[in-house]
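Written out below as structure tokens is the structure these notes cover.
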Amino acid sequence: MPQCLRPLLRLLSLLMLSALLAACSGFQLRQPGSVTETPLQGLAVFIDPARMPDPAFIVPLEVALRDDGAHLLSKAAAGAVIIGVDRLEQDKTVSGYSALRQVKEFNHYIEVTFHASRKVGDAEPERVEDRVRAERTQLYDSRYVLGVAEEERSIRRALREEVARLLVLRLRRLMNRSPPAGLPAPAGS
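If you count the sequence shown from 1, position 27 lands on 1504 in the numbering used here, and the numbers rise without skipping.
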């Protein structure tokens, strides 16, 4: 055997040995509860329109809940999680000026305070509350005013989608808490 092939053969045998050991040791790349699993899979959720300060927020929230595997209901039902938004604040603040004291940067934000409740059986419904916030920066140049309004609308739309996604993530965390501290744990957790 040529001398130059020996290191390659040794390397190949080490790789084969490590693959064999990994296969025999019970190593699994993904476990139950992996990233690909949808945590709210099959959970019945009702978005209370009476507790929604801005009806335009319902659509991004529905999309985020569906993406996470929740089953949306058109009316409240027993055992369903009922989500309501107590406060939705969306605004922009000036966050930067130029040397000539002209506005150069805006900070857009949206903050949502929400609650979720779930009644299981004859027990008193438990209610949890939390808040999520998303921010984006918009650079402003007075020489290029055209398109600024469209950019602002785009930022607001993206912020609503982002805060809806964050709300679902927070709801998922609240759902996985132990029952006395939050909502009853969903089946299968």
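Every residue, glycine too, gets a C-beta built ideally from N, C-alpha and C.
Check your understanding: When we look at the beta-carbon of GLY1598 and count the other beta-carbons within 10 Å, is it buried (16 or more) or exposed?
Key -> The residue in question, GLY1598, is exposed, as its Cβ has fewer than 16 Cβ neighbours within 10 Å.
Point to revise | ASP1563 versus THR1590: straight-line alpha-carbon distance, rounded | key: In this structure, the alpha-carbon of ASP1563 lies about 5 Å from that of THR1590.
Exercise for review: Return yes when the Cβ of PRO1516 is within less than 8 Å of the Cβ of ASP1545, no when it is not.
Suggested key: yes
Point to revise | Neighbourhood of LEU1550 by C-beta distance below 6 Å, restricted to the same chain and skipping five residues each side | key: Non-local beta-carbon contacts of LEU1550 in its own chain, meaning distances under 6 Å to residues more than five positions away in sequence, involve ALA1521, PHE1523 and ALA1557 in chain order.
Check your understanding: Fully enclosed by the stretch 1540-1571, which beta strand (DSSP E) runs are 3 residues long or longer?
Key -> 1548-1550, all fully within the stretch 1540-1571.
Exercise for review: Would you decide whether LEU1648 is buried or exposed? Buried here means 16 or more other CB atoms lie within 10 Å of its CB.
Suggested key: buried
Check your understanding: Do ASP1618 and LEU1651 come within 8 Å of each other at the CB atom, strictly closer than that value?
Key -> no
Exercise for review: Note down, in chain order, each residue of its chain lying with its Cβ closer than 7 Å to the Cβ of ARG1637, except the 5 sequence neighbours on either side.
Suggested key: PHE1534, PRO1537 and ILE1587
Check your understanding: With 16 other CB atoms within 10 Å as the buried threshold, where does LEU1497 fall?
Key -> exposed
Point to revise | Cβ neighbours of PRO1570 in the same chain (closer than 8 Å, five flanking residues each side left out) | key: Note that residue 1570 is Thr in the sequence shown, not Pro. The residues are PHE1583, ASN1584 and TYR1586.
Review point. Alpha carbon to alpha carbon, what distance is there between GLU1628 and HIS1592?
Key: 31 Å
Check your understanding: Is ALA1527 closer than 8 Å to LEU1644 when the C-beta atoms are compared?
Key -> No, they are not a contact pair.
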